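Please read the structure below before turning to the comments.
Number of protein chains: 2
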Amino acid sequence: MRQPLARELHDLLERGRDRQLRLAVTGLSRSGKTAFLTSLVNQLRHAGLEARLDLLPAAREGRLLGARRVSQPDLSVPRFPYDGAMAALTTDPPHWPEPTRGISELRLSIRYRPAQRGWWHGDSAQLALDLFDYPGEWLLDLPLLATDYLAWSRAVMDSAGPERQALMAEWQAAAAKLDPAAEANEAELAEIAEHYAKALRAAREAGFADLQPGRFLLPGDLEGAPVLQFFPLPGLADDRERLDALPPDSVYATLAARFRHYQQRIVKPFYRDHFRRFDRQIVLVDVLGALNAGPERFEDLAQALATLMQSFDYGKRSLLSRLFAPRIDRLAIAATKADHVTPEQHPRLTALLEALLAEPLKDLRYADVPVKALSLASIRATEVREVTQAGVRSPALRGTTLDGERVLMFPGEVPNRLPDEAFWARQGFAFTAFRPPQTSGAALPHIRLDAALDWLLGDKLQ
Amino acid sequence: MRQPLARELHDLLERGRDRQLRLAVTGLSRSGKTAFLTSLVNQLRHAGLEARLDLLPAAREGRLLGARRVSQPDLSVPRFPYDGAMAALTTDPPHWPEPTRGISELRLSIRYRPAQRGWWHGDSAQLALDLFDYPGEWLLDLPLLATDYLAWSRAVMDSAGPERQALMAEWQAAAAKLDPAAEANEAELAEIAEHYAKALRAAREAGFADLQPGRFLLPGDLEGAPVLQFFPLPGLADDRERLDALPPDSVYATLAARFRHYQQRIVKPFYRDHFRRFDRQIVLVDVLGALNAGPERFEDLAQALATLMQSFDYGKRSLLSRLFAPRIDRLAIAATKADHVTPEQHPRLTALLEALLAEPLKDLRYADVPVKALSLASIRATEVREVTQAGVRSPALRGTTLDGERVLMFPGEVPNRLPDEAFWARQGFAFTAFRPPQTSGAALPHIRLDAALDWLLGDKLQ
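Going down the list, the sequences are from chains B and F.
Mapping to my numbering: the first sequence position 97 is 97, numbers consecutive.
Mapping to my numbering: the second sequence position 436 is 1436, numbers consecutive.
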């Protein structure tokens, strides 16, 4: 039995910052957050038994003993539905888990042998890993804190391309009729706001990502609340003095008040209560999906990522640092679904991700935030084959489509820099969505999830 | 044009307490909250045009000029879906509106002529009426604040009758296997909690009302959060000292921590942020439905109402007064769906409601809270007819059942005191659910909604 003094010291060390790590996973809708978290938990749970984590030294060296789910500290945050996700992946035929809505959490207690044993560690050590999953769309709202209703109204309409504009036509026609100075009509504002939310939902369905305000897409308990019933007013003159003098029940003042409420009661609390407390973060990006969807959506993804990455720009003068003093000390950016292209394309996929994020990455490096870009597949759905055609051997993928058809295919080349007009003209890339693999209680197959794990928590398992 | 000084004084008076009234509507699930609020708004909107509000003096005297929906002050509270409810009532065939989930709000600006004009009123005056609608189940949680996990665990199992016990059997079998001192297993607790929530939902489906904790039935954004994953532990000994000494990761300590979180973060915020700010309140009770459902459910309703009414007991020593200092100055208790019995039964219905609430009403009167009991139909779905059988004329109801069948019927006699065994043996009452009436833009037909309005806001329209 451990001596009381040693036990106390041990407990003290356990409670220290190093023995607990808050790791957040985010990404825009359909970037693969649920698959990533499910596989991450699955790999760590199987770590002691089946080593498929060669890029994680603690696992390679046999020091990673296993992981157990324990009670999470934040009782009001929904638990990440790992069991439900595994159930979806292990039915016959397997299907992808339901996407999560809003923030969720899961705590793992990881047991490992330290690389160098100290007298105070006993035989093994534990790391409490708190995993968080939240919609990347919430990060798109950060810039709202740096603006006001008038500036936002004037900016929104400028940024949309022709396809986005077309989706917003119905809303715009309704909103254009409003007189900013007229007395607000509750029912009318609610109706136009619903048009606006509908346009955002349609844009997301059509593959667009740069959608503000983020909560309009997943309202949850705020469904029907006035705070989610504002929208930009088209054609506002830049005459702040006159607009600010309008009476409180005017259309302009009503919408501006709701915008401020959204800033203060929706955006700020997320950063203050959650984001500020994350230690490390991985951002997942579905680069291949955007590549498949054409130039306007690809450009839109680039814009959305530039906005999203502002949340990790800790430069001393950044909005974020001034407001919330966050403390993330390591960031990973991952292009997901790497199993949807042949392996020799993976370096190109990573290069494309870095090209897509070139500007934000420069800012991050300047601000001295350690960041790593990689490509991965959280759950590998395809197998690599070779085909010989006219005597030339080339790689191909074998997988099952969502409709259940077994196919052998070569999806095409991933450009290793931002695609130009020639690329789009060629339509050189054809993305197929695959069904998850059949699994049978073994660890889920993956590509480089272990590399991500090493970057995100390897140093804590030394 | 009004003089500047008079205008300022007028505005000052407008902002005074008397020019704003926060009226809350509650009731257990299916008591008719949505129909009540919809009809209330509808009557006030039509007040200037079609006087069906003879029991409201301001309307009878032609001083009620009308009401308009204006922006509500609480931007994070969902707006009461009046338009959706009216759409349901005016389709062909009409159907009852979807029940609301959680709290909602709607503000009306009522314009009226004061009974005695003062120089400061101008020609007409305005009253801002904030209407709130929230689940009565939330009030069933108040007693949780006065107890702790151990006492609650021991009490829950004692209070259930045989039918309730049967619904809880599956959960109880699972929970009985737990060792309070064992280390908590996250997944196991989540599973047993789901059994408990399922038993609560089944009990509600079966017509029971006294269900705690209330949020388990409408979790909203807290779906899957640990704070909604506790349950009583069967067979706990009354040995607080030993139980409190169990380690924090034990089953007992884990469940007790979630119980405390529920008290502090779920129950208290509702009372502090909403309930405390209501000026007046109406509690709706579906007495007839319970009468139809038999003795165990009727007894259960009585118990639930006794619990619910504690939230209005402002005696100096009450839990509520000590915690929140609420300020409701008028309370109405209404038996709804009075149109489902013939008119000569209405006084009996009110008498039965008073008998059902005899004990809580005594406490309220002792605490000097002005309270009025009445029976009403928010939206009258039947017409009164007379049938002659063997030369005897007797009243009957003509209506359309939910299946669309036109019927003429006499539902039976309502007992004017608590039903005894003889009543239950006779099964003297047969309740039929009716479809709402066909309406065509006119004010909704009702029974004594104007009496309720007079009690709740008549004095503010003097």
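All C-beta atoms, glycine included, are put in the ideal place defined by N, C-alpha and C.
Here the structure is a predicted model, which means the values were calculated and not measured.
Taking one beta carbon from each stretch, the stretch 130–137 of chain B and the stretch 97–106 of chain B have 3 or more pairs nearer than 8 Å; the two touch. For Thr350(B), there are no C-beta contacts with chain F under 8 Å, since the nearest C-beta of that chain is about 35 Å from it. In the three-state reduction of the DSSP assignment, Ser394(B) falls in the strand class, which pools E and B. DSSP places Gln172(B) inside the alpha helix (DSSP H), whose first and last residues are Ala169 to Ala176.
For Ile1110(F), there is no enclosing alpha helix (DSSP H); the enclosing beta strand (DSSP E) has its first and last residue at Ser1104 to Tyr1112. The alpha carbon of Phe1231(F) has as its nearest neighbour, out of Arg1240(F), Gly1214(F), Asp1244(F) and Ala1245(F), the alpha carbon of Gly1214(F).
Contact check between the stretch 1384–1403 of chain F and the stretch 1347–1361 of chain F: fewer than three CB pairs, one atom from each, fall below 8 Å, which does not count as touching. In the structure shown, the three-state DSSP call for Arg201(B) is helix.
Taken atom to atom, the span from the alpha-carbon of Ala452(B) to that of Leu211(B) is near 28 Å. Residues of chain B whose Cβ lies closer than 8 Å to the Cβ of Leu1065(F) do not exist, since the nearest Cβ in that chain is about 17 Å away. Of all residues in the stretch 1041–1061 of chain F, none places a beta-carbon less than 8 Å from a beta-carbon of chain B. Using a Cβ-Cβ cut-off of 7 Å, Val77(B) is close to Ala1225 of chain F, given in chain order. Two segments are said to touch when three or more pairs of C-beta atoms, one from each, lie closer than 8 Å; by this definition the stretch 1336–1350 of chain F touches the stretch 1406–1425 of chain F. Ala377(B) has its alpha-carbon roughly 15 Å from the corresponding atom of Thr432(B). Ala190(B) is positioned such that its CB atom lies closer than 7 Å to that of Gln229(B). Under the three-state reduction of DSSP output, Ser318(B) falls in the coil class, being neither helix nor strand.
As for any alpha helix (DSSP H) of minimum length 4 sitting wholly inside the stretch 375–442 of chain B, the runs are 421–426, ordered along the chain. In the three-state scheme derived from DSSP, where H, G and I count as helix and E and B as strand, Leu1127(F) is classed as strand. Comparing alpha carbon positions, the residue from Arg1365(F), Pro1370(F), Leu1323(F) and Pro1295(F) closest to Phe1429(F) is Pro1295(F). Interface annotation, Gly220(B): in contact with chain F, CB-CB separation under 7 Å. Across the structure, Trp455(B) and Arg280(B) are spaced so that their CA atoms are roughly 10 Å apart. At least one beta carbon of chain B lies nearer than 7 Å to the beta carbon of Glu1186(F). If you look at Ala1334(F), you'll find it in the beta strand (DSSP E) that goes Arg1330 to Ala1335. Along the stretch 1251–1282 of chain F, going in chain order, the ones with a CB nearer than 7 Å to a CB of chain B are Thr1254, Arg1258, His1261 and Arg1265.
Straight-line spacing of the CA atoms in Ser1250(F) and Arg45(B) works out to 22 Å. Under the DSSP definition of a beta bridge, Val283(B) partners with Thr26(B) and Ile333(B). Nearest in C-alpha terms to Leu1319(F), of all of Gly1084(F), Tyr1082(F), Leu1139(F) and Gly1048(F), is Leu1139(F).
Glu223(B) sits in coil when the DSSP states are folded into three classes, being neither helix nor strand.
Contact check for Leu64(B) and Leu461(B): beta-carbon distance about 7 Å, within the 8 Å limit, so the pair qualifies.
In the three-state DSSP reduction, Gly294(B) falls in the coil class, being neither helix nor strand. Under the three-state reduction of DSSP output, Ser39(B) falls in the helix class. Of all residues in the stretch 1187–1213 of chain F, the ones placed with a Cβ closer than 8 Å to any Cβ belonging to chain B are Ala1187 and Ala1190, in chain order. Nearest CB-CB separation between Arg69(B) and chain F: below the 7 Å threshold.
Bridge pairing for Ser1250(F): Glu1183(F) [DSSP].
Look at the stretch 440–456 of chain B: it has no residue with a C-beta under 9 Å from a C-beta of chain F. Per DSSP, Arg1276(F) lies in no beta strand (DSSP E) and is assigned neither H nor E.
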